[in-house]
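Asks:
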Ligand SMILES: [Fe+2]
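Numbering (this note's numbering), first residue to last: 131 to 390.
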């Protein structure tokens with residue numbers, strides 16, 4: 131399994147505070163069946179700045195430590211870039227990293243709102259050949275109340291990634307309900323752990339996929355797992371309604387029908 135969103139690099143953000151805990155996290159991911167982790171430290175979050183060239187160095191060091199343990203696990207470079215008005219300037223400066231140098235960039239919205247310029251940025255990125263992946267839209271208060279806001283971002287060119295622990299219910303029933311609802315609206319393209327530590331915000335993809343199998347059906351597991359691999363291979367990703375062959379109600383079919 132591939133995990134496209136994690137905070138496994140020590141010292142750089144609210145992830146592990148030292149190498150020992152970062153290695154504990156790597157072992158946990160491996161035990162969960164994960165073989166590829168995209169490291170996505172926060173960048174321009176208001177609290178953390180981690181320009182691309184620094185992330186590349188940290189990921190190199192982490193991979194060296196993992197190789198010393200003979201663990202069949204690879205960490206890839208990435209960032210979780212906060213949507214900010216000067217994002218395109220940051221891109222030109224070379225500060226931003228896509229996920230494993232693919233066409234995909236992980237974008238984080240503020241938790242309370244969807245900035246008015248977010249749609250324009252997603253569209254401008256698409257013109258540059260970069261496809262934004264909206265990180266954990268279920269945790270954005272405006273999207274939770276009005277999923278059409280997410281559909282507009284998808285229409286502008288974005289994909290979206292739900293957090294595994296939102297789906298499994300570790301963040302409460304409300305987030306779990308919203309997460310499953312967004313999946314059923316065909317507005318989700320990935321699940322990822324957004325792991326931060328080995329105790330609370332953990333690597334738990336297998337538990338999440340088991341839950342998805344029970345609640346949504348096995349075809350969704352194939353869709354989500356396949357999409358994570360497509361990121362690493364830099365391959366195009368299709369909308370879920372083109373991949374998931376389940377019968378849908380008219381409401382679900384119509385919601386994202388225009389994105390075909
Ligand atoms: Fe994150």
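Don't be surprised by glycine CBs; every beta carbon is placed ideally from N, CA and C.
Need the endpoints of the alpha helix (DSSP H) that residue 232 sits in, please.
Replies: Here residue 232 belongs to no alpha helix (DSSP H), and DSSP marks it neither H nor E.
Asks: Would you mind listing the beta strand (DSSP E) stretches within the segment 282-344 that are 3+ residues and don't spill past its ends, in chain order?
Replies: DSSP runs (the beta strand (DSSP E)) wholly in the segment 282-344: 289-293, 320-322.
Asks: Check each candidate in 191, 158, 145, 323 and name the one with the smallest Cα separation from residue 177.
Replies: Out of 191, 158, 145, 323, 145 has the C-alpha closest to the C-alpha of residue 177.
Asks: Under 7 Å from any heavy atom of ligand 1, by CB: list those residues in chain order, please.
Replies: This selection yields 135, 137, 170, 172, 210, 238, 265, 324.
Asks: I need the straight-line Cα distance from residue 204 to residue 191, nearest angstrom please.
Replies: Near 12 Å, if we compare the C-alpha coordinates of residue 191 and residue 204.
Asks: Does any residue of chain D have a CB that is nearer than 7 Å to the CB of residue 135?
Replies: Any reference to chain D falls outside this structure, which holds one protein chain only.
Asks: Just to confirm my understanding: we take residue 188, look at its own chain, exclude 5 residues before and 5 after, and list those with CB closer than 6 Å. What are they?
Replies: So the list reads 139, once near-sequence residues are dropped.
Asks: Which residue from 175, 235, 216, 219 puts its Cα closest to that of residue 168?
Replies: Of the listed residues, the one whose Cα sits closest to residue 168 is 235.
Asks: Hey, out of 320, 237, 166, whose CA is closest to residue 362's CA?
Replies: Measuring from the Cα of residue 362, the nearest candidate turns out to be 166.
Asks: How would you call residue 339, buried or exposed, if buried means at least 16 neighbouring beta carbons within 10 angstroms?
Replies: Under this definition residue 339 is a buried residue.
Asks: Quick one: what does DSSP say residue 265 is sitting in, helix, strand or coil?
Replies: Strand, per DSSP.
Asks: May I have the straight-line CA-CA distance separating residue 170 from residue 360, to the nearest angstrom?
Replies: The straight-line gap from Cα to Cα measures roughly 17 Å.
Asks: Pull up the DSSP beta-bridge partners for residue 222, would you.
Replies: Partner(s): none; residue 222 has no beta bridge.
Asks: Hey, how far is the Cα of residue 325 from the Cα of residue 258?
Replies: Approximately 30 Å, taken between the alpha carbons.
Asks: In the DSSP assignment, find the unbroken alpha helix (DSSP H) run with residue 194 in it and report its ends.
Replies: Where residue 194 is concerned, the enclosing alpha helix (DSSP H) stretches over 182-198.
Asks: Got a sec, what are the start and stop residues for the alpha helix (DSSP H) residue 354 sits in?
Replies: Taken as a continuous stretch (DSSP letters only), the alpha helix (DSSP H) holding residue 354 covers 348-363.
Asks: Could you work out which residue in 347, 199, 301, 287 is closest to residue 150 when comparing CA atoms only?
Replies: Selected option, being the one with the closest Cα: 199.
Asks: In whole angstroms, give me the CA-to-CA distance for residue 293 and residue 209.
Replies: Each residue's Cα considered, the two are about 16 Å apart.
Asks: When burial is assigned at 16 or more other CB atoms within 10 Å of the CB, is residue 264 buried or exposed?
Replies: With 16 or more Cβ atoms within 10 Å of its Cβ, residue 264 is classed as buried.
Asks: So residue 182 and residue 226 are supposed to be a Cβ contact under 8 Å. How far apart are they, rounded?
Replies: So it is a contact: roughly 6 Å between Cβ atoms.
Asks: Measure the C-alpha to C-alpha separation of residue 147 and residue 295 and round it to an integer number of angstroms.
Replies: If you take the alpha carbons of residue 147 and residue 295, they lie about 21 Å apart.
Asks: Which residue's Cα is closest to the Cα of residue 260: 163, 233, 284, 172?
Replies: That would be 233, whose Cα lies nearest to the Cα of residue 260.
Asks: First and last residue of the alpha helix (DSSP H) that includes residue 151?
Replies: First-last of the alpha helix (DSSP H) with residue 151: 149-161.
Asks: Would a C-beta distance cut-off of 7 Å place residue 202 and residue 336 closer than the cut-off?
Replies: No, Cβ-Cβ distance for residue 202 and residue 336 is not below 7 Å.
Asks: Enumerate in chain order the residues of its own chain whose CB-to-CB distance from residue 132 is below 6 Å, with the five nearest sequence positions on each side excluded.
Replies: Here the set comprises 166, 358, 359, 362.
Asks: Rounded to a whole number of angstroms, what is the C-alpha to C-alpha distance between residue 278 and residue 298?
Replies: The alpha-carbon atoms of residue 278 and residue 298 are separated by roughly 23 Å.
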